[in-house]
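Residue numbers (this note's numbering), protein chains in the order written: chain D, 47 to 328; chain P, 13 to 135; chain F, 37 to 252.
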């Protein structure tokens with residue numbers, strides 16, 4: 047569906063150099079701290095910015111080659127941009143109908159009602175949560191095969207986030223759809239994405255299937271002595287701590303079996319990112 | 013059948029799914045030829061990634077507990093006496109291994125362990 | 037493009053106050069003045085900036101980024117703005133002309149068609165000028181900065197015209213010749229129409245080029 051190979055973009059003081067792929071039927075997550083380059087990736091894919099190098103393929107074409115029909119197969123939510131705030135939901139309906147042949151009017155209005163989005167209020171008067179929900183509802187209203195969601199859950203409270211993810215899960219129940227979703231709240235991605243890319247400072251630092259990340263990756267906490275005798279073949283990163291060392295490994299089972307006294311914590315993605323970014327390589 | 017996933021457990025999620033479905037089949041809660049929820053539907057219910065569920069289903073298919081028909085879905089395999097027996101044997105083996113390891117770790121010799129085994133067998 | 041036009045029409049609903057004032061002024065000028073030209077020119081001028089206004093709304097809170105991801109080409113976006121500008125201007129023009137004629141007839145007079153034609157020519161020029169200049173400027177600089185750019189353009193324009201007049205004064209003869217030449221060119225509707233169309237087309241191509249290069 048979507049493939050980036052060494053896509054490069056230079057800004058003042060920042061350089062993106064990234065390869066990632068979203069396969070058909072998959073939900074791929076892109077996680078990283080603010081400024082790591084997530085939005086840049088989305089902008090490049092959507093043709094909002096030019097790239098300085100590398101190959102970018104959406105549905106097999108470069109972003110510039112996408113025609114109207116292709117664009118209708120894509121649903122977008124951007125982090126800091128949306129429909130003009132001076133429109134109301136009611137105004138949007140005829141616009142969306144004209145833009146997308148696959149627009150499902152009744153369903154869209156029904157869902158707006160379900161999420162209590164007022165039809166006659168200007169969008170600029172919506173709360174952040176409501177704006178986001180509207181964006182997502184619009185993105186999934188026309189049967190898009192590829193969803194590109196840049197931080198769709200940012201600024202939302204826990205309940206709203208859950209509502210949104212539920213919408214997306216329901217959306218994925220139809221075969222053949224794919225999603226690229228970014229967030230700096232990794233707990234959102236853990237229970238939804240099939241594979242996750244970690245990006246830092248414009249580069250992909252890790253790519254792994256989610257359930258491998260959750261089951262085989264772990265953070266070991268060792269005292270100085272324990273660290274000394276530890277077999278470090280499967281340590282990806284280590285970090286000096288007050289108590290000794292914390293180490294990141296992708297072979298949790300190995301350490302679990304061979305060092306039963308070692309404190310081993312199952313990685314949640316936040317900790318894994320911290321270790322990948324802040325830890326030292328062997 | 014209701015599956016419950018423990019996110020904070022050390023046991024990998026797909027493993028938990030496999031174990032619970034397998035258990036359901038063996039104790040008869042899941043009937044023969046019963047259709048399992050689709051990968052995506054189960055993923056949605058459990059709030060886990062679809063790939064994880066697929067991994068679990070693939071594992072169960074490989075073990076022979078379920079059959080996946082492309083385009084139709086996954087179904088509980090027809091009752092197979094041998095398979096059940098195999099499973100039970102595996103469980104017994106695991107338990108014995110555990111016991112032996114325990115024995116060794118607290119200093120018992122292999123002979124002592126074997127003797128203890130026969131004593132229990134006689135009971 | 038239809039979708040974009042629908043959107044722009046809905047956006048104008050936020051301009052109720054603006055339309056109210058224009059309507060008021062129209063009535064005022066028509067009633068107060070005998071020469072209706074001013075009212076007509078005024079309305080045409082006000083309506084010609086509507087396209088620019090909708091662009092401003094598009095840009096609100098960084099909305100252009102998202103807009104450019106929707107299923108239409110950047111070229112289509114520009115097209116919609118020009119189409120909207122031309123349509124809305126002519127709508128305003130038509131409306132004000134009808135109103136002025138009706139008002140005159142109501143007062144019991146016959147409408148002086150000479151006056152009407154004299155008013156229409158500057159209207160067309162104004163509409164063309166506003167659209168042709170404002171579109172590329174706003175696409176390049178965005179709503180905020182373009183205000184400054186416009187002021188500078190008008191400023192430079194005044195200075196240039198003043199300068200030309202001064203030079204002509206110095207050269208003595210030319211001014212009156214030039215004025216009559218210009219009037220000749222402009223008074224023929226065909227010539228005027230042609231010039232306007234050419235200017236608009238040139239402006240359109242410039243706009244398309246600007247937006248194609250722009251990064252969001």
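For glycine and all other residues, C-beta sits at the position ideal for the given N, C-alpha and C.
Bear in mind the structure is a predicted one, so any value in this text is a computation, not a measurement.
### CB contact below 8 Å: residue 121/P versus chain D
Within the second chain, residue 121/P is the residue found at index 109, counting from 1. No, its Cβ sits nowhere closer than 8 Å to a Cβ of chain D.
### Task
Determine, using beta carbons only, whether residue 289/D comes closer than 8 Å to chain B.
Among the protein chains in the structure shown, which are D, P and F, there is no chain B.
### Query
Quick one: what's residue 134/D bridged to in DSSP?
Translated into positions along the first chain, residue 134/D becomes position 88. Bridge partners of residue 134/D: 168/D.
#### Entry: Residues near residue 97/D in its chain [Cβ-Cβ closer than 7 Å; skip 5 each side]
Translated into positions along the first chain, residue 97/D becomes position 51. Contacts found: 53, 54, 55, 90.
#### Entry: Cα-Cα separation between residue 243/D and residue 261/D, rounded to whole angstroms
As a first step, residue 243/D is located in the first chain; it is residue number 197 there, counting from the start. As a first step, residue 261/D is located in the first chain; it is residue number 215 there, counting from the start. So the two alpha carbons sit approximately 16 Å from each other.
### Task
Just mark residue 229/D as buried or exposed, buried being the case when its beta carbon has 16 or more other beta carbons within 10 Å.
Locating residue 229/D in the first chain gives position 183, where the first residue counts as 1. Buried is the call here.
#### Entry: Simplified DSSP assignment, three categories, for residue 42/P
Here residue 42/P corresponds to residue number 30 of the second chain, with the count starting at 1. In this structure, residue 42/P counts as coil in the three-state DSSP scheme.
### Query
To the nearest angstrom, how far is it from the Cα of residue 132/D to the Cα of residue 169/D?
Within the first chain, residue 132/D is the residue found at index 86, counting from 1. Within the first chain, residue 169/D is the residue found at index 123, counting from 1. Taking the straight line from one Cα to the other gives about 6 Å.
### Query
Going by Cα to Cα distance, which pick from 55/P, 82/P, 47/P, 16/P is closest to residue 218/D?
Along the first chain, one-based indexing puts residue 218/D at 172. The shortest Cα separation from residue 218/D among 55/P, 82/P, 47/P, 16/P belongs to 55/P.
### Task
With DSSP as the reference, label residue 77/P as helix, strand or coil.
For the purposes of this step, residue 77/P is identified with residue 65 of the second chain, where counting begins at 1. Coil, per DSSP.
### Message
Is there a C-beta anywhere in chain F that falls below 8 Å from the one on residue 183/D?
### Response
Mapped onto the first chain, residue 183/D falls at position 137. No, residue 183/D lies away from the interface with chain F (no Cβ there is under 8 Å from its Cβ).
### Query
The alpha helix (DSSP H) spanning residue 136/F covers which residue range?
Counting from 1 along the third chain, the entry for residue 136/F is found at position 100. Per DSSP, residue 136/F belongs to the alpha helix (DSSP H) from 110–143.
#### Entry: Close-in-space but distant-in-sequence residues of the same chain around residue 325/D (CB under 7 Å, 5 per side omitted)
On the first chain, residue 325/D is found 279 positions in, with the first residue counted as 1. The residues are 283, 284, 285, 294.
### Query
How do the stretch 36–52 of chain P and the stretch 194–204 of chain D stand: do at least 3 beta-carbon pairs fall below 8 Å, yes or no?
no
### Query
By the criterion of Cβ-Cβ separation under 9 Å, what are the contact partners of residue 95/D in chain F?
Mapped onto the first chain, residue 95/D falls at position 49. Correct list: 251, 252.
### Ordered list of alpha helix (DSSP H) runs contained in the stretch 223–248 of chain F, each at least 4 residues
none
#### Entry: Opposing strand residues paired with residue 295/D [DSSP bridges]
Start at 1 with the first residue of the first chain, and residue 295/D comes out as number 249. Residue 295/D pairs with 264/D, 281/D.
### Query
Tell me which same chain residues have a C-beta within less than 8 Å of the C-beta of residue 34/P, skipping the five on either side of it?
In the second chain, counting from the first residue as 1, residue 34/P sits at position 22. 72, 75, 77, 99.
### Query
What's the call for residue 102/F, buried or exposed, on a 16-neighbour Cβ count within 10 Å?
Counting from 1 along the third chain, the entry for residue 102/F is found at position 66. Classification for residue 102/F: buried.
### Query
Going along chain F in order, which residues have a C-beta closer than 7 Å to the C-beta of residue 132/D?
As a first step, residue 132/D must be located in the first chain, where it is residue number 86. What residue 132/D touches in chain F: 47, 50, 93, 96.
### residue 236/D classed as buried or exposed, judged by whether at least 16 other C-beta atoms fall within 10 angstroms
In the first chain, the residue the question calls residue 236/D occupies position 190. Under this definition residue 236/D is a buried residue.
### Query
Residue range of the alpha helix (DSSP H) that residue 46/F falls in?
Here residue 46/F is taken as the residue at index 10 of the third chain, counted from 1. Counting along the chain, the alpha helix (DSSP H) containing residue 46/F begins and ends at 38–47.
### Query
Which one of 62/P, 118/P, 81/P, 104/P has the shortest CA to CA distance from residue 46/P?
Numbered from 1 along the second chain, position 34 holds the residue referred to as residue 46/P. Measuring from the Cα of residue 46/P, the nearest candidate turns out to be 81/P.
### Near-chain D residues of the stretch 70–87 of chain F - C-beta to any C-beta below 8 Å
none
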